[in-house]
Ligand SMILES: NC(=O)C1=CN([C@@H]2O[C@H](COP(=O)(O)OP(=O)(O)OC[C@H]3O[C@@H](n4cnc5c(N)ncnc54)[C@H](OP(=O)(O)O)[C@@H]3O)[C@@H](O)[C@H]2O)C=CC1
Ligand SMILES: Nc1nc(=O)c2c([nH]1)NC[C@@H]1CN(c3ccc(C(=O)N[C@@H](CCC(=O)O)C(=O)O)cc3)CN21
Ligand SMILES: O=c1ccn([C@H]2C[C@H](O)[C@@H](COP(=O)(O)O)O2)c(=O)[nH]1
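Residue numbers (the working numbering): 610 to 1054.
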């Protein structure tokens, strides 16, 4: 991998300030305050998808090469350093993944214009489905843009023992691009795992409720979302306090609050919807986890990657197009071989070298807390036909649950075509009528 196009503003000024005054050791907050208005940009070329997923968890700004748009080539992976014999086996298994990917997503002969459609694929399996067999050692390119204070979180992650091998190269290259004085202030270790077991105990009862049969579960919520938002809105414009308004409303409180929420949202004051919060449990493939992570406002606790690796019984997610094809058995057989090999790698070399053998199809569980404004934005994007089917199914499932809690707050949580005009431009699915009908029926029921 390479870090290219590195650009920054303000780091030298901070470095000079740190050097020229004898300010001694500052605490993290002070360093962060100094770096908050500096800017950093770079491109990570040819990093693997395990590194890119972890990098996106930092919630900076990214543009990443997509496995939905770009076909992966046979040499498109980076493996950890293993003994020659193990390397041979690793290469062989990874090659098998890439070969099956290529076979499953073979195009029909002949020319066609633009991005291939499902009917242009010989077996009806598009690249976005075939890629479920690819490991996270697969290469990707990602542009990263962020403020300098984020270096603290980034460096903590780079120094996490369990990700040592994942970021070995990346860390060295990034350090080369940063002023030495700045690097000296940044964390050199991470103790994020110190309370890992305790936190897993805390989350276990929630995680347990998420199953393959029920991958989207409402875990917690404020008791009355409409009331929270409507009452909240009046805090802005009334001299009366919430408790006084509530007392005056009596039994009509919910109804009155809903009407106010609806009216104020209609003015475009969407921030009032941030008062309504829910917590969901979710299970999805690592493909969808990566897409989910790109939404930066929700707060998430996810399972440790090692739990996925060690949970031999956990089913992988197989796209229907593959399930319905002759590739289903070879797909499952290859996955079993990779699962066995990565446990061997973990036991022999440690978890960091085993992670690149996680697969796109592996499933992860998480608990996520969001607000209604964020959910409406996210669900509008992910219920669109242009979203991948897996995240779309989950988004529709979540929308159905949320609609039971409030109509007004999630009214706009629909694809742009249902609310007015499609905004996908050249990428429009062209099925606006069907999409409108699909959601209209749901709205009535
Ligand atoms: N190949 C790729 O890289 C692809 C990436 N995606 C990504 O999926 C992600 C999810 O959607 P998106 O709505 O952006 O993300 P978020 O869910 O993180 O953001 C939702 C909204 O919050 C605001 N916001 C949050 N964080 C920031 C920030 N750091 N800077 C500016 N505004 C911010 C923006 O609001 P407002 O717009 O009102 O300012 C944004 O629209 C996007 O990043 C999208 O680009 C999707 C498809 C392909
Ligand atoms: N909801 C959503 N869907 C997306 O597909 C998406 C996002 N968000 N957020 C940003 C990324 C980046 N996206 C992009 C980025 C560039 C082009 C683009 O440059 N298109 C050119 C040429 C494409 C080519 O031939 O390679 C064009 O002219 O359309 C398109 C989509 C798609 N992405
Ligand atoms: O529909 C999409 C496509 C892409 N993303 C984000 C998620 C990753 O950061 C990259 C690449 O993901 P792919 O699934 O390989 O396309 O872009 C997304 O959020 N939604």
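Glycine included, each C-beta is placed from N, C-alpha and C at the ideal position.
- Annotation for residue 921: no alpha helix (DSSP H) segment contains it, and DSSP assigns it neither H nor E.
- Spatial neighbours of residue 821 in its own chain (CB-CB distance under 7 Å, excluding positions within 5 residues in sequence) are listed in chain order as 892, 924.
- Nearest Cα to residue 651 within the set 620, 636, 684, 615: 615.
- A residue is called buried when at least 16 other Cβ atoms come within 10 angstroms of its Cβ; residue 673 meets this threshold and is buried.
- Residue range 693–713 is occupied by the alpha helix (DSSP H) that includes residue 708, with no beta strand (DSSP E) assigned at that position.
- Of the residues 628, 700, 757, 691, the one whose Cα lies closest to the Cα of residue 648 is 757.
- Taking a cut-off of 8 Å for Cβ pairs, the region 981–995 and the region 958–971 do not touch, as fewer than three such pairs fall below it.
- A distance below 8 Å between beta-carbons, with the five flanking residues on each side excluded, links residue 667 to the following residues of its chain, in chain order: 755, 759, 762, 763, 766.
- Membership of residue 671 in any alpha helix (DSSP H) is not indicated; the residue belongs instead to the beta strand (DSSP E) covering 670–673.
- Assignment of residue 652 by DSSP, reduced to helix, strand and coil, places it in the strand class.
- In the structure shown, residue 755 adopts extended strand secondary structure according to DSSP, grouped into three states.
- Between residue 753 and residue 678, the gap from beta carbon to beta carbon reaches 8 Å or more.
- Taken from the Cβ of residue 1047, every heavy atom of ligand 1 lies 7 Å or farther away.
- The C-beta of residue 732 has 16 or more other C-beta atoms within 10 Å across all chains shown, which makes the residue buried.
- When secondary structure is reduced to three states using DSSP, residue 792 falls in the helix class.
- In this structure, the alpha-carbon of residue 622 lies about 14 Å from that of residue 792.
- Assigned with DSSP and collapsed to three states, residue 640 falls in helix.
- With fewer than three CB-CB distances shorter than 8 Å, the region 1002–1009 does not count as touching the region 929–937.
- Relative to ligand 3, the beta carbon of residue 673 is positioned inside 7 Å of a heavy atom.
- In this structure the region 875–887 touches the region 831–851; the number of beta carbon pairs closer than 8 Å is three or more.
- The residue from 728, 627, 686, 725 with its alpha-carbon nearest to that of residue 706 is 686.
- Taking 7 Å as the cut-off, one finds no heavy atom of ligand 3 near enough to the beta carbon of residue 970.
- In this structure, the C-beta of residue 658 stays at least 7 Å away from each heavy atom of ligand 1.
- With 16 or more other Cβ atoms from the protein chains shown falling within 10 Å of its own Cβ, residue 681 counts as buried.
- Relative to ligand 1, the beta carbon of residue 1000 is positioned no closer than 7 Å to any heavy atom.
- Separation of the CB atoms of residue 825 and residue 911 is rounded to 15 Å, and the pair is thereby denied contact status at 8 Å.
- Nearest Cα to residue 701 within the set 839, 950, 811: 950.
- When DSSP reads this structure, residue 886 sits in a beta bridge with 980.
- Straight across, the Cα-Cα distance linking residue 985 with residue 789 is about 44 Å.
- Ligand 3 has a heavy atom closer than 7 Å to the beta-carbon of residue 665.
- Classified as buried, residue 640 has 16 or more neighbouring CB atoms from the shown chains inside 10 Å of its CB.
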